[in-house]
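Peer 1: Protein chains in written order, with our numbering: chain A, 1 to 353; chain B, 1001 to 1353; chain C, 2001 to 2353; chain D, 3001 to 3353.
Protein chains: 4
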Amino acid sequence: MLVVMREDVSEDQVAAVVARLERDQLSVHRSDGGARVVLGVNGTREIDPRTIEMLEGVHEVLQVREPYRLASRSFRAADTVITLASGPAEGLRLGGDEVVVVAGPCSAESRDQVARTAAACHRGGAKLYRGGAFKPRSSPYSFQGLGEEGLAMLRDAAREEGMALVTEVMDAAQIELIERYADILQVGARNMQNFTLLKELGRTRTPVLLKRGISATIEEWLLSAEYILAGGNEQVILCERGIRTFESATRNTLDISAIPVVKQMSHLPVFVDPSHGTGRRDKVAAMARAAVAAGADGLLIEVHHDPDHALSDGPQSLHPAQFEQLMAELRIIAPAIGRSICVETERRSGWGR
Amino acid sequence: MLVVMREDVSEDQVAAVVARLERDQLSVHRSDGGARVVLGVNGTREIDPRTIEMLEGVHEVLQVREPYRLASRSFRAADTVITLASGPAEGLRLGGDEVVVVAGPCSAESRDQVARTAAACHRGGAKLYRGGAFKPRSSPYSFQGLGEEGLAMLRDAAREEGMALVTEVMDAAQIELIERYADILQVGARNMQNFTLLKELGRTRTPVLLKRGISATIEEWLLSAEYILAGGNEQVILCERGIRTFESATRNTLDISAIPVVKQMSHLPVFVDPSHGTGRRDKVAAMARAAVAAGADGLLIEVHHDPDHALSDGPQSLHPAQFEQLMAELRIIAPAIGRSICVETERRSGWGR
Amino acid sequence: MLVVMREDVSEDQVAAVVARLERDQLSVHRSDGGARVVLGVNGTREIDPRTIEMLEGVHEVLQVREPYRLASRSFRAADTVITLASGPAEGLRLGGDEVVVVAGPCSAESRDQVARTAAACHRGGAKLYRGGAFKPRSSPYSFQGLGEEGLAMLRDAAREEGMALVTEVMDAAQIELIERYADILQVGARNMQNFTLLKELGRTRTPVLLKRGISATIEEWLLSAEYILAGGNEQVILCERGIRTFESATRNTLDISAIPVVKQMSHLPVFVDPSHGTGRRDKVAAMARAAVAAGADGLLIEVHHDPDHALSDGPQSLHPAQFEQLMAELRIIAPAIGRSICVETERRSGWGR
Amino acid sequence: MLVVMREDVSEDQVAAVVARLERDQLSVHRSDGGARVVLGVNGTREIDPRTIEMLEGVHEVLQVREPYRLASRSFRAADTVITLASGPAEGLRLGGDEVVVVAGPCSAESRDQVARTAAACHRGGAKLYRGGAFKPRSSPYSFQGLGEEGLAMLRDAAREEGMALVTEVMDAAQIELIERYADILQVGARNMQNFTLLKELGRTRTPVLLKRGISATIEEWLLSAEYILAGGNEQVILCERGIRTFESATRNTLDISAIPVVKQMSHLPVFVDPSHGTGRRDKVAAMARAAVAAGADGLLIEVHHDPDHALSDGPQSLHPAQFEQLMAELRIIAPAIGRSICVETERRSGWGR
């Protein structure tokens, strides 16, 4: 922290500020060389900068960025690559050279829907399967998911196709249950600052896909990742899914520029969810291509074997043929940035049977 | 829902849209009188408007507002007045003629701090005491609260002064514990869409003060209230505390206009928290006055008997003398809108002993 | 400007940064006392901070605020009070103890409408009359104003009632014309960064009312005021009129907190326009009261003698009776902050005849 | 416009609303089939929807989108392709199969800088040259451009390399001057709603590149285009350059999703400016790739032969080698969406000599 004093500051005022800082066991280094007196502040104690800003004679308090530590590039210079340690996609690397695609329906609706959609996703080249069993919905009158029954459907379908399963956990009390079915735990945008949940996820050793809150700054997002990392769970994947802006022509504004920004600030893998980011099927492919072109490590794409009959988010789900077409386009784009997208589509059916 | 067709729509396209709607058991009423065919849609089933918007020949789908029901003025025309049914402030009416002030520290820090601050708040005219024992913090490295020990301190101090206690619940699993100490349960801005928590709060019969999420629209806020109301708990108080905008000169932008807007859309009481809304002590009084002038039913004000030594949010806490000054100003303003602010300050000490 | 180096910075990197700064004739003061090397930078040359931020070994560049000078409280500690030097309201003080109200229609429509509305405004207690003759409209198909004919109508009606006239100038080429009719020149929100216009206004000696752009930060707003001040015109009034946020329940979000913030950063008077800020008549009074309670120096209120027949912005215009009711409420509120609102309503008719 | 009545509306209230609409020569078609009475409103007169919304018994007024006409896809289904009619790039098609790149410095600084940068841009594959001679700057103390002398430099350098020139016009009074030098007139973000300027540009027959305002909705942007089109100038190119959001890690948030959205709503070509959108050289390439992948018709890229010595915006200008590298990446991406990027780099030097 740097405390910049007013040009007309008195010696008494400087002394009072120094005393206030030292009261909190902070060490202060005074610099008189410039046009204004500047106090450099160091120490392990945290102090609210506004406390100092309101003292007499203080012009401004400037903070050196990076309140997060474990999530920062300063802490770890090399990219974190998360390797799945078990399950049908054992050995799959997230954050490596390959751009990894997670696909699947918004919600598990029935055994048939889940199985048919899984087959379509796998055929298109997805390595992970996504789908919700517990759904956070803005309205209490909307479909809330099938619960554990849905989890079992999703897991069975994913394993049948040899894909790992990513699914959302909405509450700390659900972690244990969901871990029995899923390979990656997803934290939804509305829960990005559910600190009780984040702390518990820090205690597991299952990878966590942490969506960015709809109005979270990148710094807040990394601080939420820090909650998980600080608990000892180093396997965090960040996922951009659109921010809230004044523009209403799209549901959210997918912040593509967050990709290069986060890659510079942090070593964690960054995925993008263009389905929630745009909210409309006819915009998903354009934004998925943009995300890969901008350097995303992976994508989350909503696919449904029959979107017109989906119980939730059908309008933003791709038809299987659209998904295959998109994957073909992505395979052209990835090499422009030295990446690849897997084309292997042989069925690893019967995994775990 | 109203479906507006394109000017060049064909009869086949209209028929296909009608068929799609009827497949979902919705009744359709066609109107050909205007420049465009318009389909009025009725029924109890919910349908995602985007599903229809993407059909051939559709120009636009317009939704009639108010996805919430129990929270709306249409459902209940008269203002909801919540009367505290027990505790030290038994009989106090929230949402009535009197503007009610909740005051207290950000966090419980020590028995002494909690008691001295409570006395100052009561002296100024506060009827309810606020303070946190479980704190949601953006950084895992910040002070996280004293937990149950803090709850006991807060309750004891509030009762000593004859004030009811408002405190935050961060997780559904905490409700039972916190209800043993508090008279009103507060849901913080970051948890406004923690649906697991909201559902559980619908099952209690303790009043809930629901803060607006930092980027929540008023509609989403009312939908979150609807979660609680739909569970059978009719005692919901809304609390505006600032929204996130591009402006960085204030921590948040306190949305004063939300007060008249919500009063028109809903029958629920609306409180305002100018301390979190501005983040700085020297802006709190101006915004508190503005809130009362705009019609707020109550205020949440952070007060600390010694803000300079507060463990959290000291910079936005008022000194006791500032709080008394503010209350005096508010007593001038309230009559301009036909309201009053209590001046009774006799100590109801020893309540419940 | 302060340049904070990385913790692992090398001496060569520090030397390169110093050399780069000195190349631009900036003086550099190095401080080694803290955990990081910090360079204090001084000089009259401007340098883009990003230039330095991208050099090797630099962690961050921190800027001391206040790129504006003449508009700042540091430059002038006392409040600027603008006294009208001529015209029907000669001697009226803007920014002094009295809260001044500017009222009138959105646009001049006819001689009768302008005269009847002026009489109603004056009766309610307005000291200045407002109304547009050149209207900036988002759509080319909307009513664009009556031009010079409208200006004459507005001036005549204002003088008849003894009020000064405030009207909008949309382009530098219009200044000369409009100055012949108006006592205060208004710059609309969309033109807040029309620098050609601002520079020309710096050359006049007519007071300027500068509306805040819909997405302008307070700093940008003060920089636009600086353009006018730097040209030698010291009579600038700032006017908050709502900012663009994600919330769509109101047309804009009136930023009431901007009032205390600007009063702290600048010595210029701050007015508030609750009519454009809310866009709806039934919200105007609440926000006008809030603005005065928060410390605004003046208000701009749209009034129309017959809003239901207005050619533009009828829905946000008050009926004369509503305006009188509002003024009565404001007279109760103003004393809470040591201000007054004039009650003198005698007609100064025939001014200048 | 559709007027939805309240469920408990009375016949008298319906009659009053109908009368109000008919007073404005609007025709009303009443529909009683659904749960609520709905009035379909038609006619050429414009009416402010808020006028009706405030009448008794009205639940809500819903507007059919598209206040713009000439800019909409409904008006013209096929993509507009603008073919340069004269100048060094005569015959170049904007909005066709080829993705066109406009490159150049922020500002003209000297004859040498302009010439060397032009050579580098042409070598990389740019077909148009960009650069400013009149600069809109937030601060009155920043470099304001070289004026006409700069225009001559830019034109000469562009012609020497066989490139067309794009430059900014800040005020209606400058159009005539700038048209003598430039092939395309650029309207900056801050002037997107300078209606005086837009109207004058409607009278020219020079193509206009219209940047999106920093907080303009897509609808407002298209309405500004409508101003130009309505004047008879059909050659409008839209250019996305970043919107203002709460995120401060980037200067603006480049709204990549605006590309597919605008392509659906309008027939006009859409360009993207990743240099202003991100504000930092190290983010430009990622966003340029994303824009092309999402379907942009063209790019504006800031390039400087020596960015470290640029007088303005050096930090967001690419080095010539970076520009060439980016162009190579874009040539890989374009085919993924059926587009191409020209590789022809032979020098058409001496054009017009």
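We put the CB at the ideal spot given by N, CA and C, even for glycine.
(1) Do you know offhand how far A:M54's Cα is from C:R2205's?
(2) Smallest Cα separation from A:L318: which of A:F134, A:R20, A:G279?
(3) So, is the C-beta of D:E3030 closer than 8 Å to a C-beta in chain C?
(4) In the structure shown, what three-state DSSP assignment does D:H3319 receive?
(5) If you pair each beta-carbon of the region 2077 to 2090 of chain C with each one of the region 2276 to 2291 of chain C, do three or more pairs fall below 8 Å?
(6) Tell me whether C:F2134, by its Cβ, gets closer than 7 Å to a heavy atom of the ligand COA.
(7) So which residues of chain C does D:M3265 contact, with C-beta pairs closer than 8 Å?
(8) Could you please give me the residues that DSSP links to B:Q1186 through a beta bridge?
(9) Exposed or buried, A:D309, counting other C-beta atoms within 10 Å across all chains shown (16 or more means buried)?
(10) Would you mind sorting A:R180 into buried or exposed? The rule is 16 or more other CB atoms within 10 Å of its CB.
(11) Leaving out five residues on either side along the sequence, give the residues of the same chain with a beta carbon under 6 Å from the beta carbon of B:W1221.
(12) Given this structure, state the Cα-to-Cα distance separating D:H3304 from D:L3177, to the nearest angstrom.
(13) When burial is assigned at 16 or more other CB atoms within 10 Å of the CB, is D:G3132 buried or exposed?
(14) Identify which residue in D:E3109, D:F3195, D:S3142 has its Cα closest to the Cα of D:G3150.
(15) Would you kindly work out how many angstroms separate the C-alpha atoms of A:S275 and A:L209, rounded to a whole number?
(16) Between the region 1224 to 1255 of chain B and chain C, which residues of the former have a C-beta closer than 9 Å to a C-beta of the latter?
(17) If you draw a straight line from the C-alpha of D:R3353 to the C-alpha of D:E3098, how long is it?
(18) Ignore the nearest five residues each way along the sequence and tell me which others in A:Q25's own chain have a CB closer than 7 Å to its CB.
(19) Out of B:R1244, B:P1269, B:L1198, B:A1158, which one is the CA nearest neighbour of B:R1130?
(20) In or out: A:R347 buried (at least 16 other Cβ within 10 Å) or exposed?
(21) Is C:P2260 buried or exposed, if buried means 16 or more other CB atoms sit within 10 Å of its CB?
(22) Based on the DSSP output, what are the partners of C:E2160 in its beta bridges?
(23) Of the residues that make up the region 3294 to 3313 of chain D, which ones have a beta carbon closer than 8 Å to any beta carbon in chain A?
(24) From this set, A:Q144, A:E7, A:G40, A:L201, which residue's C-alpha is nearest A:H59's C-alpha?
(25) Roughly how many whole angstroms lie between the Cα atoms of D:P3136 and D:I3175?
(26) I need the DSSP call for D:I3082, collapsed to helix, strand or coil.
(27) Please list, in chain order, the residues of the region 37 to 48 of chain A that have any C-beta partner in chain C closer than 7 Å.
(28) Rounded to whole angstroms, what is the Cα-Cα separation between B:L1002 and D:D3032?
(29) Across which residues does DSSP place B:E1298 in a beta bridge pair?
(30) Hey, could you find the ends of the beta strand (DSSP E) B:S1027 is sitting in?
(31) Considering only residues of the same chain and omitting the five flanking positions on each side of A:Q325, which have a CB-CB separation below 8 Å?
(32) Step through the CB atoms of chain C and report whether any lies within less than 8 Å of the CB of D:I3214.
(33) Which of the three DSSP states is assigned to A:R20 in this structure?
(34) If the cut-off is 7 Å on Cβ atoms, which residues from the region 58 to 80 of chain A count as contacting chain B, listed in chain order?
(35) Quick one: what's got a C-beta closer than 7 Å to D:K2950's C-beta in the same chain, skipping five residues either side?
(36) Can you pull out the residues from the region 2001 to 2013 of chain C whose beta carbon lies closer than 8 Å to at least one beta carbon of chain A?
Peer 2: Quick look at the numbers:
(1) Residue numbering aside, residue 54 of chain A sits at position 54 when the first sequence is read from its first letter. Residue numbering aside, residue 2205 of chain C sits at position 205 when the third sequence is read from its first letter. Approximately 37 Å between the Cα atoms of the pair.
(2) Your numbering for residue 318 of chain A matches position 318 in the first sequence. Comparing Cα positions, the closest option is A:G279.
(3) Within the fourth sequence, the letter at position 30 stands for residue 3030 of chain D. Checking the displayed sequence, the identity of residue 3030 of chain D turns out to be Arg instead of Glu. Chain C contact via Cβ: absent.
(4) Numbered from its first residue, the fourth sequence carries residue 3319 of chain D at position 319. D:H3319: coil per DSSP, three-state reduction.
(5) no
(6) By its list of ligands, the structure shown contains no ligand whatsoever, and the ligand COA lies outside what it can speak to.
(7) Against the fourth sequence, residue 3265 of chain D aligns to sequence position 265. The premise fails here: D:M3265 is roughly 16 Å from chain C at the closest Cβ pair, so nothing lies under 8 Å.
(8) Residue numbering aside, residue 1186 of chain B sits at position 186 when the second sequence is read from its first letter. Paired residues: B:E1168, B:L1209.
(9) On the first sequence, residue 309 of chain A is found 309 positions in, with the first residue counted as 1. Looking at the sequence provided, one finds His at residue 309 of chain A rather than Asp. Classification for A:H309: exposed.
(10) Counting from one through the first sequence, the residue named residue 180 of chain A turns up at place 180. Label assigned to A:R180: exposed.
(11) Along the second sequence, one-based indexing puts residue 1221 of chain B at 221. The answer, listed in chain order, is R1212.
(12) Start at 1 with the first residue of the fourth sequence, and residue 3304 of chain D comes out as number 304. Start at 1 with the first residue of the fourth sequence, and residue 3177 of chain D comes out as number 177. So the alpha carbons of these two residues sit roughly 25 Å apart.
(13) Indexing the fourth sequence from 1 puts residue 3132 of chain D at position 132. D:G3132 is buried by the Cβ-count criterion.
(14) Along the fourth sequence, read from residue 1 onward, the residue named residue 3150 of chain D stands at position 150. If you compare the alpha carbons of D:E3109, D:F3195, D:S3142 with that of D:G3150, the shortest gap goes to D:E3109.
(15) By one-based count along the first sequence, residue 275 of chain A stands at place 275. By one-based count along the first sequence, residue 209 of chain A stands at place 209. When rounded, the distance between both Cα atoms is 16 Å.
(16) Taking a C-beta cut-off of 9 Å against chain C, the contacting residues of the region 1224 to 1255 of chain B are G1242, I1243, R1244, T1245, F1246, E1247, S1248, A1249, T1250, N1252, T1253, L1254, D1255, listed in chain order.
(17) Position 353 of the fourth sequence, counted from the start, is the residue given in the question as residue 3353 of chain D. Position 98 of the fourth sequence, counted from the start, is the residue given in the question as residue 3098 of chain D. With a pLDDT of only 45 at D:R3353, under the threshold of 50, the placement of this residue in the model should not be trusted, and no figure is reported.
(18) Taking the first residue of the first sequence as position 1, residue 25 of chain A is located at position 25. Excluding residues within five positions, the ones whose Cβ falls inside 7 Å are G43, R45.
(19) Numbered from 1 along the second sequence, position 130 holds the residue referred to as residue 1130 of chain B. Comparing Cα positions, the closest option is B:A1158.
(20) Taking the first sequence and counting its residues from 1, the one referred to as residue 347 of chain A is at position 347. Note that A:R347 scores 49 on pLDDT, short of 50, meaning its location in the model is unreliable; the coordinates nonetheless yield the value given after this. The residue is exposed, with fewer than 16 neighbouring Cβ atoms inside 10 Å.
(21) Counting from one through the third sequence, the residue named residue 2260 of chain C turns up at place 260. Result: buried.
(22) For the purposes of this step, residue 2160 of chain C is identified with residue 160 of the third sequence, where counting begins at 1. Residue pairing of C:E2160 in beta bridges, as defined by DSSP: absent, with no partner found.
(23) A3294, G3295
(24) Taking the first sequence and counting its residues from 1, the one referred to as residue 59 of chain A is at position 59. It is A:E7 whose Cα lies nearest to the Cα of A:H59.
(25) Position 136 of the fourth sequence, counted from the first residue, corresponds to residue 3136 of chain D. Position 175 of the fourth sequence, counted from the first residue, corresponds to residue 3175 of chain D. Whole-angstrom Cα-Cα distance: 15 Å.
(26) The residue labelled residue 3082 of chain D in the question sits at position 82 within the fourth sequence. In this structure, D:I3082 counts as strand in the three-state DSSP scheme.
(27) V38, G40, N42
(28) As a position in the second sequence, residue 1002 of chain B is number 2, starting the count at 1. As a position in the fourth sequence, residue 3032 of chain D is number 32, starting the count at 1. So the two alpha carbons sit approximately 13 Å from each other.
(29) Position 298 of the second sequence, counted from the first residue, corresponds to residue 1298 of chain B. Per the sequence shown, the amino acid found at residue 1298 of chain B is Gly instead of Glu. According to DSSP, which records beta bridges pairwise, B:G1298 is partnered with B:V1100, B:F1271.
(30) Taking the first residue of the second sequence as 1, we reach residue 1027 of chain B at position 27. Element bounds for B:S1027: 1027 to 1031.
(31) The residue given as residue 325 of chain A occupies position 325 in the first sequence. These residues qualify, in order along the chain: A285.
(32) Your numbering for residue 3214 of chain D matches position 214 in the fourth sequence. Yes - at least one Cβ of chain C is within 8 Å of the one on D:I3214.
(33) In the first sequence, counting from the first residue as 1, residue 20 of chain A sits at position 20. Helix at A:R20.
(34) P67
(35) Residue 2950 of chain D falls outside the range modelled here, since chain D spans only 3001 to 3353, and no answer is possible.
(36) L2002, V2004, R2006, E2007
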